[in-house]
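A.B. asks: With the first letter of the sequence shown counted as 1, position 207 gets the number 320 in this note's numbering; the numbers rise by one all the way through.
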Amino acid sequence: MITKSILYKIYNKSVHCTFSLTIVYLKMLKKGLYIILLVSFFISEAETWYTNPLDYAISRITKRTTFREPISFTPFDIKMGIFNYGGSDYWDQGFGSNKLGISPILLDSSNYEYSGLISDNSRQCYLMEIDFLKYNLPNYVYKQNYVDLQFGLGYKIMGLLDNPGISLPNNFIDGSDTDPTGSHGGSYKYRPVIQDYNINTTINWQFYDFLLAYLYHSVGLSNLSIYQSEGGDKYLKGNGVGESFGLGLKGIFDSRYDRKNYRVTYGLEAKWISSVAYNLKDPNKISPINGFDMRGMGWNINFGIIFGGERSVADLGYQSMIKDDFITAIGEFQEFLDNNPRHIKRLKAQKMLEFCKKQKPYQEFQNGLNAVGNYNLNQAARWYEAALTTANEDLSFEIIVKQKELATILLDSARNYLDEIGFNNAEKLIRKAKAITPKIVYKADEYLSELYMIKADLFYEVKNYEAALKNYEKSYSYNKKIQSDYINKVRQVTNSIVDQANDATNKGDILFALSSLSQLITLRPELEKDLNFGVESLKEKLEELSDSKTQARIQDFIESEKNRAKKRVFNQVEVGMSKDDVIALMGQPAFVENKYTNDQIVEMWFYFDQVEEKYVNFYFEDGLIIRVD
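#1: Does DSSP put Tyr565 in a helix, a strand or coil?
#2: Starting from the Cα of Asp428, find the closest Cα among Thr179, Lys458, Met410, Leu213 and give me that residue.
#3: Can you grab the Cα-Cα spacing for the pair Asp722 / Tyr732, in whole Å?
#4: What number of angstroms, rounded off, separates the C-alpha of Asp275 from the C-alpha of Cys238?
#5: Throw me the rounded Cβ distance for the Asp331 and Asn352 pair, which I believe falls under 8 angstroms.
#6: So, with DSSP's three-state summary, where would you put Ala539?
#7: Under DSSP, the alpha helix (DSSP H) around Thr521 begins and ends at which residues?
#8: Closest to Gly67 by C-alpha separation, out of Asn317, Ser691, Lys350, would be which residue?
#9: Going by DSSP in three states, Ala500 sits in which element: helix, strand or coil?
#10: Taking 8 angstroms as the threshold, find out whether the stretch 510-525 comes into contact with the stretch 450-463 through three or more Cβ pairs.
#11: Would you kindly work out how many angstroms separate the C-alpha atoms of Ile739 and Asn601, rounded to a whole number?
#12: For the beta strand (DSSP E) holding Asn816, just list the boundary residues, first then last.
#13: Less than 7 angstroms separating the beta-carbons of Ser562 and Tyr591?
#14: Considering just the uninterrupted stretch of the beta strand (DSSP E) at Thr550, what are its terminal residues?
#15: Between Lys473, Arg424, Lys461, which has its C-alpha nearest Thr441's C-alpha?
#16: Using only the alpha-carbon positions, how far apart do Tyr248 and Ile419 sit?
#17: Tell me, which residues are paired with Thr315 by DSSP?
#18: By how many angstroms is the C-alpha of Glu182 removed from the C-alpha of Ser425?
#19: Measuring alpha carbon to alpha carbon, tell me which residue in Ile443, Ala494, Glu448, Val514 is nearest Lys470.
#20: Cutting at 6 angstroms between CB atoms, please list the residues of its own chain near Met566, excluding the five before and the five after it.
#21: Using the C-alpha atoms, what's the distance from Arg304 back to Ser400?
#22: Do you know offhand how far Thr521's Cα is from Leu582's?
#23: Per DSSP, which residues does Trp718 bridge with? Please list them.
#24: Is the beta carbon of Lys545 less than 7 angstroms from the beta carbon of Leu523?
#25: Taking all protein chains shown into account, do 16 or more other C-beta atoms lie within 10 angstroms of the C-beta of Met407, making it buried, or fewer, making it exposed?
#26: What is the DSSP secondary structure of Val741, reduced to helix, strand or coil?
#27: In whole angstroms, give me the CA-to-CA distance for Glu343 and Asn392.
#28: I think Gly200 touches Pro217, with their Cβ atoms under 8 angstroms apart; what is that distance to the nearest whole Å?
#29: Can you tell me which of Tyr720, Asp612, Gly409 puts its alpha carbon nearest to the alpha carbon of Asn197?
#30: If we call anything under 7 angstroms between Cβ atoms a contact, is Asn403 one with Leu219?
#31: Return yes when the Cβ of Ala569 is within less than 7 angstroms of the Cβ of Tyr555, no when it is not.
#32: Of all the options Asp735, Gly486, Ala383, Met434, which has the alpha carbon lying nearest to the alpha carbon of Lys464?
#33: What's the gap between the Cα of Leu230 and the Cα of Ile215?
#34: Once you ignore the five residues that flank Val260 on each side, which residues in its own chain have a CB closer than 8 angstroms to its CB?
#35: Leu337 bridges to which residues according to DSSP?
#36: Within the same chain, show all residues whose beta-carbon is closer than 7 angstroms to that of Ala484, passing over the 5 residues directly before and after it, in chain order.
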């Protein structure tokens with residue numbers, strides 16, 4: 114296991130080596146190549162998506178909704194506020210004006226003047242309004258998210274905030290005996306009450322995930338009364354047309370209930386109100402007022418619920434893109450395009466996707482540099498390889514340079530820290546370095562050759578001649594320049610085996626000597642002709658020996674080989690084999706029995722295991738092995 118402390122050592126040393134090598138290489142470059150190298154580092158720079166600095170700054174700190182879902186439905190929107198009103202010219206005076214101008218009271222004769230609306234408290238009204246069932250109907254025909262056009266129904270009620278105490282003027286009485294008092298007592302006072310039943314239209318512009326602006330318009334039937342008694346009777350009633358305009362701003366907040374897909378809105382709205390009614394009903398003929406033409410202006414606050422308007426996965430992609438996380442953005446834009454084949458902003462999303470794909474190798478390259486800085490060399494190699502697949506020519510040059518540096522670090526670590534990391538880890542590092550870039554293949558093969566030569570020497574020292582020969586052969590396969598050394602090493606192993614056989618023969622251990630020579634022939638077939646005479650002589654000596662001890666050893670040897678072969682055969686039997694497969698491998702069973710178990714008849718075959726000296730049971734169901742005991 115390579116520890117972090119080791120990697121620190123490896124990295125520092127390798128960086129030094131890499132720097133030294135770089136100096137040498139640069140000295141070998143011509144002047145023109147200096148220029149190419151210098152220019153390439155300026156050309157191959159990652160780009161950032163933004164139109165201007167302000168837009169870029171806003172985009173990084175806000176949740177833009179370029180690809181948002183349309184606002185599809187508003188169940189309700191409640192509004193409350195106050196406003197001042199005047200006559201038909203009141204809107205001309207500017208928002209917030211408190212000048213009466215033309216009176217909203219319409220008289221049937223010029224002989225009368227009604228001047229009772231000159232005080233502020235006589236012209237300040239409350240407003241309570243609810244809009245409901247507002248649907249984005251165009252969205253069902255053509256899906257777009259530039260604006261949300263909603264149509265709904267509405268109801269509002271308006272009246273004076275205070276009772277101004279303006280009584281019905283005496284000169285409004287026609288001289289009859291009619292008493293202008295309400296049936297519940299008390300005199301009639303000027304206190305208009307207006308109720309509107311309307312159809313409304315809202316145009317929403319959602320700039321960010323949390324904010325939208327809107328324009329509002331409503332038109333419908335107005336029901337109004339001008340006078341009201343202290344007891345609640347209303348007089349001078351009529352119907353007319355009510356209309357209003359609004360300009361507002363709303364904040365959008367997620368529902369506190371996780372499982373609800375609606376969102377809550379709070380807002381502020383500037384309001385322009387109109388209510389016009391002619392031919393007011395005056396059954397007692399006590400007033401010359403025959404109409405009401407009112408214009409009002411004021412503010413209201415609102416609260417509502419909306420469905421839709423959420424950021425789409427492409428908006429998440431946009432946010433990832435401007436933060437230079439192009440890898441994440443690619444997946445998000447691709448998901449959006451796959452799920453929205455006819456979206457109005459599909460081309461824009463496609464353009465952003467292509468930009469992200471172009472910048473992706475730069476991010477991967479930077480991730481590789483960061484991984485090297487964190488001593489995560491494996492991860493760095495993966496990032497470099499990924500970046501190289503889509504990089505342009507200039508960036509590819511930089512990646513190849515860094516790959517070579519990284520590979521050099523791995524090679525040097527495998528060579529210099531062999532005692533600390535072990536043979537297996539060293540071999541892994543060398544092969545990883547070899548896989549990173551073809552630029553160091555030759556050097557990596559040399560290191561592998563050295564590694565296998567060291568392993569072979571160690572095996573030779575402990576007289577594991579077979580492993581020694583195999584590693585010598587591997588060493589030579591990676592570096593043909595060591596042919597002379599390789600031949601000497603092989604000859605050395607061969608001589609050792611022959612000496613081992615001769616020594617065994619001299620000690621009377623003919624079986625061991627025969628085994629040694631047979632092993633040598635297996636390892637070096639080219640020597641079979643030269644060694645065959647010795648092998649045959651040893652076999653003849655075996656045949657001549659008659660003492661019981663030797664014969665017993667020979668018999669044990671033969672039986673051992675048979676048992677090992679038999680055991681190997683037993684180990685080849687697997688679940689799922691057919692009867693024919695087992696017979697071909699094991700021959701006929703010693704005996705067969707049928708056993709009733711789990712409501713099924715299972716056929717059992719018995720074979721005698723001479724190694725373990727016990728029977729092995731094979732269970733068959735439908736002609737196939739299901740278990741082996």
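Even for Gly, the Cβ is constructed at its ideal location relative to N, Cα and C.
C.D. replies: Concretely, from the data shown:
#1: Against the sequence shown, residue 565 aligns to sequence position 452. Three-state DSSP puts Tyr565 in a helix.
#2: Mapped onto the sequence shown, residue 428 falls at position 315. Ranking Thr179, Lys458, Met410, Leu213 by Cα distance to Asp428 puts Thr179 first.
#3: The sequence position of residue 722 within the sequence shown is 609, counting from 1. The sequence position of residue 732 within the sequence shown is 619, counting from 1. One Cα belongs to Asp722, the other to Tyr732, and the distance between them is close to 16 angstroms.
#4: Residue mapping note: residue 275 aligns to position 162 of the sequence shown, counting from 1. Residue mapping note: residue 238 aligns to position 125 of the sequence shown, counting from 1. Those two C-alpha atoms are separated by around 8 angstroms.
#5: The count along the sequence shown starts at 1 and reaches residue 331 at position 218. The count along the sequence shown starts at 1 and reaches residue 352 at position 239. Reading off the sequence, residue 331 comes out as Ser, not Asp. 16 angstroms between Cβ atoms; not a contact.
#6: Here residue 539 refers to the residue found at position 426 of the sequence shown. In the three-state reduction of the DSSP assignment, Ala539 falls in the helix class, which pools H, G and I.
#7: Within the sequence shown, residue 521 is the residue found at index 408, counting from 1. Here the alpha helix (DSSP H) through Thr521 covers 506-529.
#8: The structure shown does not extend to residue 67, since the chain is modelled only from 114 to 742, so the question has no answer here.
#9: What you label residue 500 is simply residue 387 of the sequence shown in a count that begins at 1. In the structure shown, Ala500 sits in a helix (DSSP, three-state: H, G or I).
#10: Judged by Cβ distances under 8 angstroms, the stretch 510-525 makes no contact with the stretch 450-463, as fewer than three pairs qualify.
#11: Locating residue 739 in the sequence shown gives position 626, counting from the first residue. Locating residue 601 in the sequence shown gives position 488, counting from the first residue. Roughly 55 angstroms separates the two Cα atoms.
#12: With the chain covering 114 to 742 only, the question about residue 816 has no answer from this structure.
#13: Taking the sequence shown and counting its residues from 1, the one referred to as residue 562 is at position 449. Taking the sequence shown and counting its residues from 1, the one referred to as residue 591 is at position 478. Yes, they are a contact pair.
#14: For the purposes of this step, residue 550 is identified with residue 437 of the sequence shown, where counting begins at 1. Secondary structure note for Thr550: it is in no beta strand (DSSP E), with a DSSP letter that is neither H nor E.
#15: The residue you call residue 441 lines up with position 328 of the sequence shown. If we check each option's Cα against that of Thr441, Lys473 comes out closest.
#16: The sequence position of residue 248 within the sequence shown is 135, counting from 1. The sequence position of residue 419 within the sequence shown is 306, counting from 1. A direct Cα-to-Cα measurement between Tyr248 and Ile419 gives close to 10 angstroms.
#17: Sequence index remark: in the sequence shown, residue 315 carries index 202 (1-based). Per DSSP, Gln263, Tyr329.
#18: On the sequence shown, residue 425 is found 312 positions in, with the first residue counted as 1. On the sequence shown, residue 182 is found 69 positions in, with the first residue counted as 1. One C-alpha to the other measures close to 6 angstroms.
#19: On the sequence shown, position 357 is the one that residue 470 refers to. Checking every option, the nearest Cα to that of Lys470 belongs to Ile443.
#20: The sequence position of residue 566 within the sequence shown is 453, counting from 1. Closer than 6 angstroms at Cβ, skipping near neighbours: Ser588.
#21: If you number the sequence shown from 1, residue 400 lands on position 287. If you number the sequence shown from 1, residue 304 lands on position 191. Going by the C-alpha atoms only, they are around 15 angstroms apart.
#22: For the purposes of this step, residue 521 is identified with residue 408 of the sequence shown, where counting begins at 1. For the purposes of this step, residue 582 is identified with residue 469 of the sequence shown, where counting begins at 1. Distance between Thr521 and Leu582, taken at the CA atoms: about 29 angstroms.
#23: In the sequence shown, residue 718 corresponds to position 605, counting from 1. Under DSSP, Trp718 forms a beta bridge with Val705, Phe731.
#24: Here residue 545 is taken as the residue at index 432 of the sequence shown, counted from 1. Here residue 523 is taken as the residue at index 410 of the sequence shown, counted from 1. Yes, the pair counts as a contact, with Cβ atoms nearer than the cut-off.
#25: In the sequence shown, counting from the first residue as 1, residue 407 sits at position 294. By the 10 Å Cβ count, Met407 comes out buried.
#26: Residue 741 sits at position 628 when you count from the first residue of the sequence shown. Strand.
#27: For the purposes of this step, residue 343 is taken as residue 230 along the sequence shown, with counting starting at 1. For the purposes of this step, residue 392 is taken as residue 279 along the sequence shown, with counting starting at 1. Their Cα atoms are separated by approximately 24 angstroms.
#28: By one-based count along the sequence shown, residue 200 stands at place 87. By one-based count along the sequence shown, residue 217 stands at place 104. The pair is a contact, with the Cβ atoms about 5 angstroms apart (cut-off 8 angstroms).
#29: Taking the first residue of the sequence shown as position 1, residue 197 is located at position 84. Nearest C-alpha to Asn197: Gly409.
#30: Along the sequence shown, one-based indexing puts residue 403 at 290. Along the sequence shown, one-based indexing puts residue 219 at 106. Contact check for Asn403 against Leu219 passes: the beta carbons are separated by less than 7 angstroms.
#31: The residue given as residue 555 occupies position 442 in the sequence shown. The residue given as residue 569 occupies position 456 in the sequence shown. In this structure, Ala569 does not lie closer than 7 angstroms to Tyr555 by Cβ.
#32: For this step, residue 464 is matched to residue 351 along the sequence shown. Between Lys464 and the set Asp735, Gly486, Ala383, Met434, the nearest pair of CA atoms involves Met434.
#33: Here residue 230 refers to the residue found at position 117 of the sequence shown. Here residue 215 refers to the residue found at position 102 of the sequence shown. Cα to Cα, the separation comes out at about 11 angstroms.
#34: Taking the first residue of the sequence shown as position 1, residue 260 is located at position 147. Answer for Val260: Ile316, Asn317, Trp318, listed in chain order.
#35: Start at 1 with the first residue of the sequence shown, and residue 337 comes out as number 224. Per DSSP, the beta bridge partners of Leu337 are Ile307, Gly351.
#36: Counted from its first residue, the sequence shown places residue 484 at position 371. Counting only Cβ-Cβ distances below 7 angstroms, and skipping sequence neighbours, we find Gln492, Ala493, Trp496.
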